[in-house]
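One structure is given here, and the rest of the page talks about it.
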Amino acid sequence: MNKQAPAHNRTRPFGQLLALFAGISGACCAETAPAQPLTPPKAIILLYADDLGYGDLSCYGAEKIKTPAIDKLADEGLRFTDAYSSSAVCTPSRYALLTGTYPWRRKDVNILPGDAALLIDPAGPTLPKMLQANGYKTAVIGKWHLGLGNGKVDWNKPISPGPKECGFDESFIFAATADRVPCVYVQNGTVRNLDPKDPIQVSYQHNFPGLPSGKNNPELLRVKSSHGHNNAVINGIGRIGFMKGGKAALWDDQNIADDITEHAVDYIKRQAAAKQPFFLYFATNDIHVPRDPHKRYLGKSQCGIRGDAAVQMDDCVRRIMKALDETGLTEDSLVIFSSDNGPVMDDGYADRANEDANGHKPAGPLSGGKYSILEGGSRIPFIVHWPKAVRPGESTAVLCQMDLMATLGQLFPGEQEHPADSQKLLPALLGKTSQGRSEHILNSMGQNLAFRSGDWKYVPPGAPIRRGLNGLSPSDKAPATGALYNLKNDPQERNNVAEAHKDLCEQFRARLTELRQAPENRLSRTELFPIDD
């Protein structure tokens, strides 16, 4: 088979895709018998929540939060119980999602400030570039947090490189997180509603003369800081970093969910009217801090404002699915719902997340949460809804969001280039097999890693183990023998059996070392054979 040009240099009319076979190769997945061809969906929509834990949805066991729209996706689709984000924090997970590469392979992939340079190599392959090359229009709407420009952004001029250079035809984003400046939307590379007479200035080193700060002027805050988050004061909320100007361009925190959802619905309707296959990456702000849901959602959960933010997020999903219904796309749309990492309670604001929890367990049966190497840090909700191709059910297949690049590539003919970290798991994604990854490397932050093989999970000696659900929760360290857990018998990772299985620990230590040293730029190819219907 002749190798094609890289995905970002190829184009293929969508009509040529309608008589293809999709398959899987690789040692970690089962081959399936040939059957009828599978055609690619008319729409691929990735709904990406923020800081949403394994136990934060009613379809994953939550009783204090009702999420009927997401529950409907789970009831009609495939709900995964052993799916992972690529990290226990935001930027690394998003980097891996779009590039198909473990984030720890680069030391600079960590939580970014709002003025950071673009992390993704504009010349490299990405998930949206691969979909563009196969006839899809692409858009990112919502949280970006992958850097913009070259590190010296002038927010008053067109900003490049950014989403466009990463493979998105359209973008409506905020640069980092809602708790970081600048608190403005960037639409297709330009700050929306910017008044040139009121230029934006951003600094993560110092305040601007004459401007208040949350630290010096706490009386201006309607949401007090619990730690950090006391620099610029915007909309009565302390932020990370300082910002001057851009008053007309500032977002209203209580309207962020509405703003991005309205853009998503408009995008869906425009593509449907043009009969254009499309990919939508919809990244919510909820339930990240600052949690400031619209007043119509206040009191809708039984666990305070954090739960109310989850209800708001669920309603965004409802509105997007309604747009698919109204345009006749639901039956042939592949919708994937997931979260960037596990849950956190106090993450910098005194919003009573802990006090109002009312017995709610954000990580469900798991230990740890955001920032943690424990399962609660990166085992997340993952739901696949595609009525045309996916039967309702539950899957125990182990997969990672990073695998979407290689896995979705199997929907198309020919060889789709992707980094070797991203594995081809289409049969598992569609519920044709329960066999997914045989091994996976978990990442909390930076170079803090753990290794999963089957039901075993190994944490190297000295690695920090954070069990709390707050941003400043203390960490213990794995003992000199490391930590070894049997996740099937001990999902809360309470019983360290490393002393009884020293041989396994040594095997896993060696394998983790081997995988860490593997070259980051390896490429593998998608080979074809059919998937059973």
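All the letters of the sequence shown, read from the start, carry residue numbers 1 to 533 under UniProt numbering.
The beta-carbon is built from N, C-alpha and C at its ideal position, and this holds for glycine as well.
Check                                                                                                                                                                       : Outcome
Assuming A480 contacts I465 under a Cβ cut-off of 8 Å, what Cβ separation, rounded to an integer in Å, is found between them?                                               : That pair is no contact at about 14 Å.
Quick check on the burial criterion: 16 or more other C-beta atoms within 10 angstroms. Buried or exposed for D351?                                                         : buried
Which class does K152 belong to by DSSP, given the choice of helix, strand or coil?                                                                                         : coil
If we require 3 or more residues per run, which beta strand (DSSP E) segments fall completely within the region 396-466?                                                    : 439-443, 449-453, 456-459 and 464-466
With distances taken Cα to Cα, identify the nearest neighbour of A116 among N110, T177, D51 and G147.                                                                       : G147
In whole angstroms, give me the CA-to-CA distance for L374 and E514.                                                                                                        : 22 Å
By alpha-carbon positions, which one of G55, A133 and A88 ends up nearest to I111?                                                                                          : A88
Quick check: the Cα distance between T99 and E394, rounded to an integer number of angstroms?                                                                               : 27 Å
Going by C-alpha distance, which of E63, A62, D71 and K64 is nearest H385?                                                                                                  : D71
Can you grab the Cα-Cα spacing for the pair K488 / M405, in whole Å?                                                                                                        : 28 Å
Let me check one thing: in DSSP terms, what residues is V191 bridge-paired to?                                                                                              : V186
My guess is that K107 and D332 are in contact by the Cβ rule of under 8 Å, so how many angstroms apart are they, rounded?                                                   : The pair is not a contact, with the Cβ atoms about 42 Å apart (cut-off 8 Å).
State the start and end residues of the unbroken beta strand (DSSP E) segment that holds V140.                                                                              : K137 to K143
Quick one: residues in its chain with C-beta nearer than 8 Å to the C-beta of L250, no 5 flanking neighbours on either side, listed in chain order?                         : C183, V184, I234 and N235
Mind pulling the beta strand (DSSP E) runs of 3 or more residues that sit fully within the region 332-400?                                                                  : 333-339, 382-385 and 393-395
With distances taken from CA atoms, which of P113, L408 and L442 is nearest Y102?                                                                                           : L442
What are the uninterrupted segments assigned as alpha helix (DSSP H) that are 4 or more residues long and contained completely in the region 459-516, given in chain order? : none
Please classify D252 as buried or exposed, where buried requires at least 16 other C-beta atoms within 10 Å of its C-beta.                                                  : exposed
Grab me the residues of D258's own chain with a C-beta within less than 7 Å of its C-beta, minus the 5 sequence neighbours each way, in chain order.                        : H294
Pick out whichever of L220, E219, M321 and M445 has its Cα sitting closest to the Cα of K269.                                                                               : M321
Which stretch, first to last residue, makes up the beta strand (DSSP E) that contains S301?                                                                                 : Here S301 belongs to no beta strand (DSSP E), and DSSP marks it neither H nor E.
Measuring CA to CA, which of R516, P460 and T81 is closest to K502?                                                                                                         : P460
The alpha helix (DSSP H) spanning I65 covers which residue range?                                                                                                           : Neither: I65 is in no alpha helix (DSSP H) and is coded neither H nor E.
How would you call R222, buried or exposed, if buried means at least 16 neighbouring beta carbons within 10 angstroms?                                                      : exposed
Hey, out of A248, P362, S225 and Q254, whose CA is closest to I240's CA?                                                                                                    : S225
Here's the rule: buried if 16 or more other CB atoms are within 10 angstroms of the residue's CB, otherwise exposed. What is K244?                                          : buried
In whole angstroms, what is the alpha-carbon distance linking I173 and V265?                                                                                                : 15 Å
Report the option in S422, N156, W456 and P68 whose CA atom is closest to the CA atom of K247.                                                                              : N156
Who are G238's beta bridge partners in DSSP?                                                                                                                                : V233
What whole-angstrom Cβ distance do L429 and T407 have, given they're in contact under 8 Å?                                                                                  : 5 Å
What number of angstroms, rounded off, separates the C-alpha of E262 from the C-alpha of D347?                                                                              : 28 Å
P362: buried (16+ other C-beta within 10 angstroms of its C-beta) or exposed?                                                                                               : buried
Nearest to P387 by alpha carbon, out of E76, Y48, D82 and A69?                                                                                                              : E76
Below 7 Å CB to CB, which residues in the same chain sit around P491 once its five sequence neighbours on both sides are set aside?                                         : P365, L366 and E375
To the nearest whole angstrom, what separates the beta carbons of P128 and F279, a pair I think is in contact under 8 Å?                                                    : 6 Å
Starting from Y267, trace the alpha helix (DSSP H) in both directions and tell me its first and last residue.                                                               : I256 to A273
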